[in-house]
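The next block holds one structure in the form of C-alpha cells; read it before the comments.
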Amino acid sequence: MNGWSTQQLTEFLAAIGATGSRAAALRLAVERVAEAVEAEVAAVMVDGRVAAQVGFASTGVPGSSLRRIAAGDDPVELPGLGRCRSAAGRLDGEGDAWLVVARAGDDAFNSEDRALLRGMARILTLALRNLRLLTDERRTRRTSQRQARETRQRQRLLEALARVQRLIVDRAPQQQILDRLVSDVGRLVGDPVVGLRLLEPDGTLRVVAAHGIDPSTFRVVVGGTPGSGAGGLALAEDRLVVIEDYPRHPMATPTLVERGLQAAAAAPIRADGRPIGSLVVASTLRGRQYGDTELEALTAFAELASLAITDAERTEHMLHSALHDALTGLPNRSLFSDRLAQRLMPTRRRRSPAAVLFIDIDDLKRVNDTLGHLAGDMALVEVGRRLTSSIRVGDTVARMAGDEFTVLMDGVEDEQDALAAADRLAAVLRRPLQVADRSLTLTASIGVRLAQAGQDRTDDVLRGADLAMYEAKARGGGGVSLFHPELDQRAARRLELESDLRTALDGGQFRVLYQPIVSLCDGSLRGVEALVRWDRGTLGLVSPVEFIPLAEETGLIVELGAWVLGEACRAAAELTPAARGDVALSVNLSARQLLEPGLEATVAAALAASGLAPERLTLEITESVLLSDAATTLERLEALRRLGVRVAIDDFGTGYSSLSYLRRLPLDAVKIDRSFVEQVTLDPRQAALVRGIVELCHALSLDTVAEGVETAEQARALVGLGCDLAQGYHFGRPTGIGEIAARHVLRPNPVKAGRTTGGLIVGPDDHPDPTPLAL
Numbered sequence: 003m004n005g006w007s008t009q010q011l012t013e014f015l016a017a018i019g020a021t022g023s024r025a026a027a028l029r030l031a032v033e034r035v036a037e038a039v040e041a042e043v044a045a046v047m048v049d050g051r052v053a054a055q056v057g058f059a060s061t062g063v064p065g066s067s068l069r070r071i072a073a074g075d076d077p078v079e080l081p082g083l084g085r086c087r088s089a090a091g092r093l094d095g096e097g098d099a100w101l102v103v104a105r106a107g108d109d110a111f112n113s114e115d116r117a118l119l120r121g122m123a124r125i126l127t128l129a130l131r132n133l134r135l136l137t138d139e140r141r142t143r144r145t146s147q148r149q150a151r152e153t154r155q156r157q158r159l160l161e162a163l164a165r166v167q168r169l170i171v172d173r174a175p176q177q178q179i180l181d182r183l184v185s186d187v188g189r190l191v192g193d194p195v196v197g198l199r200l201l202e203p204d205g206t207l208r209v210v211a212a213h214g215i216d217p218s219t220f221r222v223v224v225g226g227t228p229g230s231g232a233g234g235l236a237l238a239e240d241r242l243v244v245i246e247d248y249p250r251h252p253m254a255t256p257t258l259v260e261r262g263l264q265a266a267a268a269a270p271i272r273a274d275g276r277p278i279g280s281l282v283v284a285s286t287l288r289g290r291q292y293g294d295t296e297l298e299a300l301t302a303f304a305e306l307a308s309l310a311i312t313d314a315e316r317t318e319h320m321l322h323s324a325l326h327d328a329l330t331g332l333p334n335r336s337l338f339s340d341r342l343a344q345r346l347m348p349t350r351r352r353r354s355p356a357a358v359l360f361i362d363i364d365d366l367k368r369v370n371d372t373l374g375h376l377a378g379d380m381a382l383v384e385v386g387r388r389l390t391s392s393i394r395v396g397d398t399v400a401r402m403a404g405d406e407f408t409v410l411m412d413g414v415e416d417e418q419d420a421l422a423a424a425d426r427l428a429a430v431l432r433r434p435l436q437v438a439d440r441s442l443t444l445t446a447s448i449g450v451r452l453a454q455a456g457q458d459r460t461d462d463v464l465r466g467a468d469l470a471m472y473e474a475k476a477r478g479g480g481g482v483s484l485f486h487p488e489l490d491q492r493a494a495r496r497l498e499l500e501s502d503l504r505t506a507l508d509g510g511q512f513r514v515l516y517q518p519i520v521s522l523c524d525g526s527l528r529g530v531e532a533l534v535r536w537d538r539g540t541l542g543l544v545s546p547v548e549f550i551p552l553a554e555e556t557g558l559i560v561e562l563g564a565w566v567l568g569e570a571c572r573a574a575a576e577l578t579p580a581a582r583g584d585v586a587l588s589v590n591l592s593a594r595q596l597l598e599p600g601l602e603a604t605v606a607a608a609l610a611a612s613g614l615a616p617e618r619l620t621l622e623i624t625e626s627v628l629l630s631d632a633a634t635t636l637e638r639l640e641a642l643r644r645l646g647v648r649v650a651i652d653d654f655g656t657g658y659s660s661l662s663y664l665r666r667l668p669l670d671a672v673k674i675d676r677s678f679v680e681q682v683t684l685d686p687r688q689a690a691l692v693r694g695i696v697e698l699c700h701a702l703s704l705d706t707v708a709e710g711v712e713t714a715e716q717a718r719a720l721v722g723l724g725c726d727l728a729q730g731y732h733f734g735r736p737t738g739i740g741e742i743a744a745r746h747v748l749r750p751n752p753v754k755a756g757r758t759t760g761g762l763i764v765g766p767d768d769h770p771d772p773t774p775l776a777l
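Residue numbers (the numbering used here): 3 to 777.
As C-alpha cells, this is what we get:
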C-alpha cells in the first residue's frame, strides 16, 4: 500500500463511519471498493450469503461464484462478464465474512490492489464494529436506565475515535496523534496505565506514547521484548490478549507484578498487515475484568494507531524519496536548492559567504562503456561516500544528476579558502577505488562560486558554479576553476548563437569555401579542403570554433554536415573537365555524424545527386572519434569504403595517436597536424617525428598530408622528409573552388600514381583567417 492508498483508507473510514446503519455501510463499502480497485463487481459475503453487492441486477446475483471468490478462486466465470480476475479480503470479527471483487478480462489485481483491498476490509470491519456500538447504544437506551452509563461511554468512544480520525486525515504530527490516542484509551477504558510500544530493529519494544506510567515503571517497560507481558504477547501472536490475573500469568513481567499490576489487555498494531507493536492498558485493581465495549475500544484505537503509523511512514518515505537521490541516498537538486536558498536569505547577510562547488566526474562514461553501468553506479556511490566523509559538519553534499555532484560550504573565508577546499576534494576523488575487481582512478572537474546572503540568488549561484565547472573541463578536466563574470557573458552569447543556429541553417547563412591541397613534388593541385563559414550579415562571420561545438551538442551537426557534403560534392562535380583534372574532395565527419545510422545513405545520396565519382571523395575523421566506440567506428568506416570513397585520419598526433588503429582501420591517408609542421625547420626532434610518421605511413601504403604549411622553408623541409602533399596559407587561403582550379596547375599525381587525397573540415580551418572572407 502506498501513500495515496493510505489517504484513501482514511477517507473511506470517514465515509463509512458517517453512515447510519449496517446495510448503508455495506452498500457504500462495496461501491467505494469497486471504484478504488477499478472492479466491475464488488460484494460482501457473510456466512456464504450476499450481504451487499454492486455490479449485478438484484435478481441475478451469482452467489455460488462469489463464494468461490471468497474461497480464493481466481479467475472465475461471472454471468454477463465472462472470465474475470478476482480477489478477496477477510472481515475479521464478522464470522465467515469476506469483501470480494472481480474485474472483467485478464488484468489481474496487483499487490497494491490486494493490499488496498485488505486495508478497506479492515476499515469496514472497524466501521461495522462502530455501528454495532451505536446499535447497542440505542438498544441499551431503550431497554434500561441502568445501561445509560455504558451508552454514554460508548458515545464518548465514538467521539474520541472521530477526533483521532480527524487528526489522521488532517496529517497532524504523528506524536500528537499517538499522545491523544493513549490519553483517550485510558479515559474510555478506565485503566490508569496505557502504553503504546513499537518494535525496534534490534528486536526490543520502545515506548513511543504513554499515559499514567510513573518514571520508575517507565524505565522497566521501555525495552521489553516480543512475547513478554501482555503487549509483547499481542505482538508475538498478532492477536488481542486479555490477562485478568496478571500475577499468575506465565508471561507476566516480574517487576510489574512487584508494582502491583493485576490485569492487562493488549491489541496488536500493524503496518501493511504485519504486526509492528502493541497498545496496552493495565490496572492495579484486584478482580479487574474487561467488558466487550472496553475491548472493542482498545481494538478500535489500535487500528487507528496502525493507520496513523502507516500513514506517517508512507508520508516520510515519499518525502524522503522526493528530496533524495535513489542511488546514493544524498540530497537531490530540489533539497540542495532549498538549503542554498535558506543560506542566502537576507537575514544571514552578516555571515561569511557560502561557497557552492559543482563537481563533474570526468571519466564515468569510460567506466560505463568498459565495465558496465552497474560498475558506474558503484563508482557514483563511492564518490558520494568520499565527498560526504570529507566535508565539515553543516556542509551539504548532493547528487544533481548523472555524474554531477554539488557541495554547499556554509561559510568560507574567501575565494582562496573555497578553492583550497575544492582542491582537497579533487585529491580525495583521485584516490584509486575498487570497482568490479578493478582499480580505477577517477578525476573530477570542479567549478566554484561564492555566494553572499541577501545579494545572490540561488539559480544564479548554481548556474555560475556550473559554468565554472565547464571551464575547468574545457581546460582538460581534473582541475578547479573559479567563477568570474565573463563566464556569464560567454553563456549569454552561447545562448544567442544556439537560438540563431537553426535559423541560420534554414535561412542559407552558411557558406562553403575551399583551400588547396598541393603536391610537394611539383606544386600541382591534388585536392581541395572545404571549410564551412557562418555569415551573420551585419553581425559578421562567426568562428567555426564557436558554432561547430554548439552544432555538435544540439545535434544540428548531422543536418549541417549533410548540407556541407552535398554542397561540396556539387561544386567539385561542376568543375569543367579541364579544370577538374585529378582534383579530389574530402569531407570531415564529426563523432556525431559517424555514429548516425543513416550516414552511408547520406553519402550515397550526395554522390548520386552531384554525379561526383566516389573515388574523388575522401571522408576524414579525427583521432578522438576512435576512442568513443571503436567497434561501431570500424563497422561504419568499412561500410563507407564499400561505397568507393576514401578515408583519412585528420590532425594526426594531437594526443590519441596509436599504431594499432593505423593497422586495423580501413585508411587511405594521414594528415599530419600543424603543431608538428610549424616547428619542422626549427627543431630537429620535430623533423625526426615527421620523418617517422611519413615513413610509417608509406610502409602502410598511406598518403601523407602536412597541414598548416605557411612558409617556403617549411615546404622545402617537408619535401626533404618525404611528405607527399601539403596545404596551408603558403599555398592559398580559403576561396571559391573555381578560383582555386583557375589559379593552380593541374598535373597527374607524380608521387603515387592513381592515389589522391585531401581533407574537408566541417569546423575550424587550420589557421584563423585574420581578414574577412569574401563570401
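Where a beta carbon is used, it is the ideal one built from N, C-alpha and C, also for glycine.
These numbers come from a predicted model, not from an experiment.
Expected contact under 8 Å - CB spacing of residue i and residue j to nearest Å
i	j	result
PHE733	VAL520	5 Å
GLY374	LEU366	Not a contact, Cβ separation roughly 12 Å.
VAL103	ALA36	6 Å
ASP670	LEU704	7 Å
LEU591	ILE623	5 Å
LEU464	VAL358	7 Å
ARG666	LEU636	7 Å
Residue i burial status per 10 Å Cβ neighbour count (16 or more: buried)
i	result
LEU503	buried
ARG459	exposed
GLY756	For GLY756, the predicted model reports a pLDDT of 34, less than 50, meaning its position is unreliable and no value from the coordinates is stated.
ASN112	exposed
ALA574	buried
ARG648	buried
MET347	exposed
THR783	Here the chain covers residues 3 to 777 and nothing more, so residue 783 does not appear.
LEU300	buried
LEU661	exposed
SER308	buried
ARG535	buried
LEU287	exposed
Within-9 Å CB hit, residue i to chain C
i	result
ARG477	Of the protein chains in this structure there is only one, and it is not chain C.
Alpha-carbon spacing of residue i relative to residue j, whole angstroms
i	j	result
THR620	LEU702	18 Å
THR540	GLN511	12 Å
ARG572	SER612	5 Å
VAL566	GLU617	18 Å
ASP416	LEU484	12 Å
ALA41	GLY22	26 Å
SER67	ALA54	15 Å
SER88	VAL63	16 Å
ASP193	ALA211	15 Å
ASP797	ALA381	What the structure shows of the chain is the stretch from 3 to 777, and residue 797 is not part of that stretch, so it cannot be assessed.
LEU489	VAL409	20 Å
VAL52	GLY91	15 Å
PRO770	PRO487	For PRO770, the pLDDT reaches just 40, beneath the cut-off of 50, and the residue's location in the model is therefore unreliable, although a value from the coordinates is still provided. The alpha-carbon atoms of PRO770 and PRO487 are separated by roughly 27 Å.
ALA20	GLY262	42 Å
ALA72	LEU337	47 Å
Identified DSSP bridge partners for residue i
i	result
CYS699	Bridge partners of CYS699: none, in fact.
SER588	GLU531, THR620
ARG401	PHE407
CYS86	VAL78, ALA106
LYS673	VAL707
SER447	ASP362
Near the ligand GTP: residue i beta-carbon under 8 Å from a heavy atom
i	result
ARG643	As far as ligands go, the structure on display features none, and thus does not contain the ligand GTP.
Would you call the region 297-309 and the region 262-282 in contact, with 3 or more CB pairs under 8 Å?
yes
Examine the Cβ distances between the region 672-692 and the region 708-722 and report whether three or more of them are shorter than 8 Å.
Touching, per the Cβ criterion.
For the 8 Å Cβ check, are there 3 or more pairs between the region 551-565 and the region 713-720?
Counting C-beta pairs closer than 8 Å gives fewer than three between the region 551-565 and the region 713-720, which falls short of the contact rule.
May I ask you to verify whether the region 157-173 touches the region 233-248, counting CB pairs closer than 8 Å and requiring at least 3?
At 8 Å Cβ cutoff, the stretches do not touch.
At least 3 beta-carbon pairs within less than 8 Å: the region 387-399 vs the region 324-338:
The region 387-399 vs the region 324-338: in contact.
Give a yes or no on contact between the region 8-23 and the region 120-129, applying the rule of three or more CB pairs nearer than 8 Å.
yes
Touching by the beta-carbon criterion (3+ pairs, under 8 Å), the region 257-267 and the region 277-292:
yes
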